[in-house]
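Chains as they are written, first to last, in the numbering used here: chain Y, 2 to 333; chain R, 2 to 333. Heads up, the beta-carbon is just placed ideally off N, CA and C, and yes, glycines get one too. If you're wondering where the values come from, they're calculated on a predicted model, not measured in any experiment.
2 protein chains.
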Amino acid sequence: MVTIYDVAKRAGVSPATVSRVFNGANVSPERAQAVRQAADDLSFVPNRNAMRLRRGSSQIIAMVIPGIENPFFTVMIRAVEELAREHGYSVMLRSTNENPVLERESLRVAVGEPVAGIILAPTRESVFDPAVVRQVPVVCVDRRSPGPHVDSVVADNVGGARAGVQMLFDAGYRRVACVTGPQEIETAVDRAEGWRRATLDTLGHGPDPQILVETDFSVTAAEAATYALLDLPTPPDAIFAANNRIAAGVIRGLAARGLLPPRMGVVAFGGLPLVVLRPRGIMVTHLPAREIGLTATRMLLERIGGFDGPPRDVVLPVVLGDDDSGLTLEGF
Amino acid sequence: MVTIYDVAKRAGVSPATVSRVFNGANVSPERAQAVRQAADDLSFVPNRNAMRLRRGSSQIIAMVIPGIENPFFTVMIRAVEELAREHGYSVMLRSTNENPVLERESLRVAVGEPVAGIILAPTRESVFDPAVVRQVPVVCVDRRSPGPHVDSVVADNVGGARAGVQMLFDAGYRRVACVTGPQEIETAVDRAEGWRRATLDTLGHGPDPQILVETDFSVTAAEAATYALLDLPTPPDAIFAANNRIAAGVIRGLAARGLLPPRMGVVAFGGLPLVVLRPRGIMVTHLPAREIGLTATRMLLERIGGFDGPPRDVVLPVVLGDDDSGLTLEGF
DNA sequence: CTGAAAGCGCTAACAC
DNA sequence: GTGTTAGCGCTTTCAG
Chain Y
2 MVTIYDVAKR
12 AGVSPATVSR
22 VFNGANVSPE
32 RAQAVRQAAD
42 DLSFVPNRNA
52 MRLRRGSSQI
62 IAMVIPGIEN
72 PFFTVMIRAV
82 EELAREHGYS
92 VMLRSTNENP
102 VLERESLRVA
112 VGEPVAGIIL
122 APTRESVFDP
132 AVVRQVPVVC
142 VDRRSPGPHV
152 DSVVADNVGG
162 ARAGVQMLFD
172 AGYRRVACVT
182 GPQEIETAVD
192 RAEGWRRATL
202 DTLGHGPDPQ
212 ILVETDFSVT
222 AAEAATYALL
232 DLPTPPDAIF
242 AANNRIAAGV
252 IRGLAARGLL
262 PPRMGVVAFG
272 GLPLVVLRPR
282 GIMVTHLPAR
292 EIGLTATRML
302 LERIGGFDGP
312 PRDVVLPVVL
322 GDDDSGLTLE
332 GF
Chain R
2 MVTIYDVAKR
12 AGVSPATVSR
22 VFNGANVSPE
32 RAQAVRQAAD
42 DLSFVPNRNA
52 MRLRRGSSQI
62 IAMVIPGIEN
72 PFFTVMIRAV
82 EELAREHGYS
92 VMLRSTNENP
102 VLERESLRVA
112 VGEPVAGIIL
122 APTRESVFDP
132 AVVRQVPVVC
142 VDRRSPGPHV
152 DSVVADNVGG
162 ARAGVQMLFD
172 AGYRRVACVT
182 GPQEIETAVD
192 RAEGWRRATL
202 DTLGHGPDPQ
212 ILVETDFSVT
222 AAEAATYALL
232 DLPTPPDAIF
242 AANNRIAAGV
252 IRGLAARGLL
262 PPRMGVVAFG
272 GLPLVVLRPR
282 GIMVTHLPAR
292 EIGLTATRML
302 LERIGGFDGP
312 PRDVVLPVVL
322 GDDDSGLTLE
332 GF
């Protein structure tokens, strides 16, 4: 490993001078040149661990999220990465797989890094230990913190779902089913709540409990749920799919039965995953993934910068549409 | 920041003992307990920078790849992450966007980290500077290194493409077009070469140059290319799509013209991206993304472990199929 | 403008 | 088993 001492020796200067050259401090041109030359000759690259240890700050933001497979997070990661980079920060990713144990471990690792801040999509039971909250600023995304009260940035799940379901009613459908996720996940509950309200608004009474199905947010479970709904004595005439995986499953199920829109209405909450052949007529509400990432990063940078106000809850609007507008193709 | 000194003081032991407790060395049970208690009280988390600086090793593997949006890389990342974790390594991701400048920067950052090793999907012009190769083991994935000769793990692009195109001929199609990527990208060229060979094998003469189209590996360009092919005086009766994005574009184009399989044959090289409604009859060759990741990680770990043999080139077979077999739904 | 020197928090000899 | 001590490579006072 080449160190500043090696470079200093070769350039005939002191280590401090080498450090200064690499940190933009004032050094006479000739010496600076000599240092650069020596550094190149030796292929010197500054050791960031030593730098960070000495400086006590890491310029790293940890992102702890369920997984990178979900395009929603993929887009969010990109946004965070770009904005963070502009401010001189790198992003370190850790997947939790929705597993609180992995989450806990990842948070500890992040604190020990030590990272400058953490962006976290908390799992349902996430009780992040004091070591985390006490030492590093945290901003929650997508879901609010079930534990300590910290900054959070979430989509307007209730409002977005309500508006999405309303689109179906407005299009003339009368019996709108809801396929959502597990009850322990905030977003799943909120979206179902939006569905309930839209139904109440339009029909004057709450929805038939039979046409609410909770799944595990997986494609296959949603497909099965769709068949179950269609096999009901009084099947629905439209389905509200509470996230992108569910939408995929629902559409598969409907396609298998030859009941694609407009025969059945479909609203996909959060946009469809990359779709090669999207059947026409599927309505979509777009989750502001990028905005969530940008906002969270901004808030985190404020905290890192010393802002010390009370926790803030930001709720970002969901955009309605009947078309992907290339959104899900983003970056692909 | 809580340090081992704070913990040591509170537990009434020396810093070394604290360190030992956290590193599994032999410490008497009572003392160990006292240390743990003190650490908990203070929310102590070991500072990894100090640890790494002292130990001189980072237990981090850098993955420098075009982007995480492509499911091919997503799957690969997962594989690398899992195997690396088993061996006590973390993975640090950097996207290059196929941009050599970003790549160069990412590699320098990685070297300066310093990471234990690098897994790199090199961009076409990647000339990684001496600072990298000289100091850290590198394994290239997906594409061979255009610069220094290092270990590489790639898919059998020529062979896979050839076999894929052969499936089309075997199914009775006679005029198989090829939509591939830019000429500067090794995989694009190799896959076109496979197409050429299969054509030669079957027809006894090389393919009509008119039905070879180079795109920029984007969905929209591929869709446009498809229209252009269909508008030819003698349009093709089948299309070989050289990667997943291209396949998406081709299928979109064919769907718009009502020419989906079996009216037109289609082979998608590398599997389709998550498809909600995949038209039946599309043939697929599966890129061994997971295998590439695992193999590369294994090879890298060997190098990290001190293996010093000459660079190895591993070529992994491509699997044929007419069905996604859930592969593209992996983890989603 | 430049050099000497003191650590950042941790681990690993080395003594006891 | 345990404490003492000397750095890992870097930045940053503090003198000069």
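Does the CB of L1 (chain Y) have a neighbour CB from chain R at under 8 Å? With chain Y covering only 2 through 333, there is no way to say anything about residue 1 (chain Y).
Suppose contacts are defined by Cβ-Cβ distances below 8 Å. Is D157 (chain R) in contact with V319 (chain R) by that definition? Yes, the Cβ-Cβ distance between D157 (chain R) and V319 (chain R) is below 8 Å.
In or out: A39 (chain R) buried (at least 16 other Cβ within 10 Å) or exposed? Counting Cβ neighbours within 10 Å, A39 (chain R) comes out buried, since at least 16 surround it.
In the structure shown, what three-state DSSP assignment does R95 (chain R) receive? R95 (chain R) falls in the strand class under three-state DSSP.
CB contact flag (A297 (chain Y), V140 (chain Y), <8 Å): Against a cut-off of 8 Å, the Cβ pair of V140 (chain Y) and A297 (chain Y) comes out as a contact.
I'd like to know if the stretch 56 to 63 of chain R and the stretch 9 to 16 of chain R are in contact, where contact means that at least 3 CB-CB pairs between them fall below 8 Å. The stretch 56 to 63 of chain R vs the stretch 9 to 16 of chain R: no contact.
Which residues of the stretch 214 to 227 of chain Y have a Cβ closer than 9 Å to any Cβ of chain R? Give them in chain order. With the criterion set as a beta carbon lying under 9 Å from some beta carbon of chain R, the members of the stretch 214 to 227 of chain Y are S219, V220 and T221, in sequence order.
Is the separation between the beta-carbon of V166 (chain R) and that of T200 (chain R) shorter than 8 Å? Yes, they are a contact pair.
Residue of R:A63, R:Y90 and R:P72 minimising C-alpha distance to G91 (chain Y): Note that residue 91 (chain Y) corresponds to Ser in the displayed sequence, not to Gly. In terms of Cα proximity to S91 (chain Y), the closest of R:A63, R:Y90 and R:P72 is R:A63.
If you check the beta carbons only, do Q184 (chain Y) and S44 (chain R) fall under 8 Å apart? Contact: no.
Give the residues of chain Y in contact with I5 (chain R), contact being defined as C-beta atoms less than 8 Å apart. By Cβ distance, chain Y contributes nothing, its closest Cβ being about 12 Å from I5 (chain R), past 8 Å.
If we count the other Cβ atoms within 10 Å of its Cβ and call it buried at 16 or more, is M2 (chain Y) buried or exposed? The residue is exposed, with fewer than 16 neighbouring Cβ atoms inside 10 Å.
Tell me whether T216 (chain Y) sits in a helix, a strand or coil according to DSSP, three-state version. T216 (chain Y) falls in the coil class under three-state DSSP.
Where do the N-terminal and C-terminal ends of the alpha helix (DSSP H) with M2 (chain R) fall, by residue? Under the DSSP assignment, M2 (chain R) falls outside any alpha helix (DSSP H); it carries neither an H nor an E label.
Note down, in chain order, each residue of its chain lying with its Cβ closer than 7 Å to the Cβ of G89 (chain R), except the 5 sequence neighbours on either side. Cβ within range, chain order: Q60.
Are there three or more Cβ pairs, one per stretch, closer than 8 Å when the stretch 210 to 219 of chain R is compared with the stretch 176 to 194 of chain R? Flag = yes, the stretch 210 to 219 of chain R and the stretch 176 to 194 of chain R touch.
Are there 16 or more other CB atoms within 10 angstroms of the CB of T235 (chain R), so buried, or fewer, so exposed? So T235 (chain R) ends up on the exposed side.
Within 8 Å (strictly less), CB to CB, does Q136 (chain Y) reach chain R? Against chain R, the CB of Q136 (chain Y) has a partner CB under 8 Å away; the residue lies at that interface.
Which runs of the beta strand (DSSP E), 3 residues or longer, sit entirely within the stretch 37 to 99 of chain Y? Listed in chain order, the complete beta strand (DSSP E) runs (minimum 3 residues) inside the stretch 37 to 99 of chain Y are 61 to 66 and 91 to 96.
Could you spell out where the alpha helix (DSSP H) holding T203 (chain R) opens and where it closes? DSSP places T203 (chain R) inside the alpha helix (DSSP H), whose first and last residues are E187 to L204.
Going by DSSP in three states, S153 (chain R) sits in which element: helix, strand or coil? Of the three classes helix, strand and coil, the one that applies to S153 (chain R) here is strand, per DSSP.
Count the other CB atoms, across all protein chains shown, that sit within 10 Å of the CB of G327 (chain R); report buried if there are 16 or more and exposed otherwise. Unreliable positioning characterises G327 (chain R) in this predicted model, as indicated by a pLDDT of 38, which lies under 50. The coordinate reading is nonetheless provided below. Exposed, by the Cβ-count rule.
Whole alpha helix (DSSP H) runs in the stretch 214 to 272 of chain Y with 4 or more residues, listed along the chain? Whole alpha helix (DSSP H) segments, 4+ residues: 220 to 231 and 245 to 257.
For the stretch 64 to 92 of chain Y, enumerate the residues whose C-beta is nearer than 9 Å to any C-beta of chain R, in chain order. Taking a C-beta cut-off of 9 Å against chain R, the contacting residues of the stretch 64 to 92 of chain Y are G68, I69, E70, N71, P72, T75, V76, I78, R79, E82, S91 and V92, listed in chain order.
Partner residues on chain Y for P115 (chain R), Cβ-Cβ distance less than 9 Å: In chain order: M2, V46, N48, R49 and N50.
Taking C-alpha atoms, which residue in R:A193, R:V46, R:A9 and R:E114 lies nearest to A243 (chain R)? The shortest Cα separation from A243 (chain R) among R:A193, R:V46, R:A9 and R:E114 belongs to R:A193.
Please confirm if P16 (chain Y) has its CB atom under 8 Å from at least one CB of chain R. Taking Cβ atoms only, chain R never reaches closer than 8 Å to P16 (chain Y), which makes this a no.
For V112 (chain R), return the contacting residues in chain Y, with the cut-off set at a CB-CB distance below 9 Å. Here the neighbours are S44 and V46.
What did DSSP end up calling A33 (chain R) once you bin it into helix, strand or coil? Three-state result, A33 (chain R): helix.
Tell me the rounded alpha-carbon separation between G250 (chain Y) and I66 (chain R). As the crow flies, the alpha-carbon of G250 (chain Y) is around 30 Å from that of I66 (chain R).
Opposing strand residues paired with T181 (chain R) [DSSP bridges]: Per DSSP, R:E215.
Answer yes if the stretch 112 to 124 of chain Y comes into contact with the stretch 96 to 104 of chain Y, meaning at least three C-beta pairs across the two stretches below 8 Å, and no otherwise. By the C-beta criterion, the stretch 96 to 104 of chain Y is judged to be in contact with the stretch 112 to 124 of chain Y, since at least 3 inter-stretch pairs fall below 8 Å.
Tell me, please, whether the CB atom of L230 (chain Y) is closer than 8 Å to any CB atom in chain R? No, no contact with chain R.
I'd like to know whether the C-beta atoms of F73 (chain R) and A290 (chain R) end up nearer to each other than 8 Å. Judged by beta-carbon spacing, A290 (chain R) lies within the 8 Å limit of F73 (chain R), meaning their Cβ atoms are closer than that value.
Closest Cα partner of S96 (chain Y) within the set Y:V220, Y:G148, Y:M265 and Y:T75: Ranking Y:V220, Y:G148, Y:M265 and Y:T75 by Cα distance to S96 (chain Y) puts Y:T75 first.
Could you tell me whether any Cβ in chain Y is nearer than 8 Å to the Cβ of L54 (chain R)? It does; some Cβ of chain Y falls within 8 Å.
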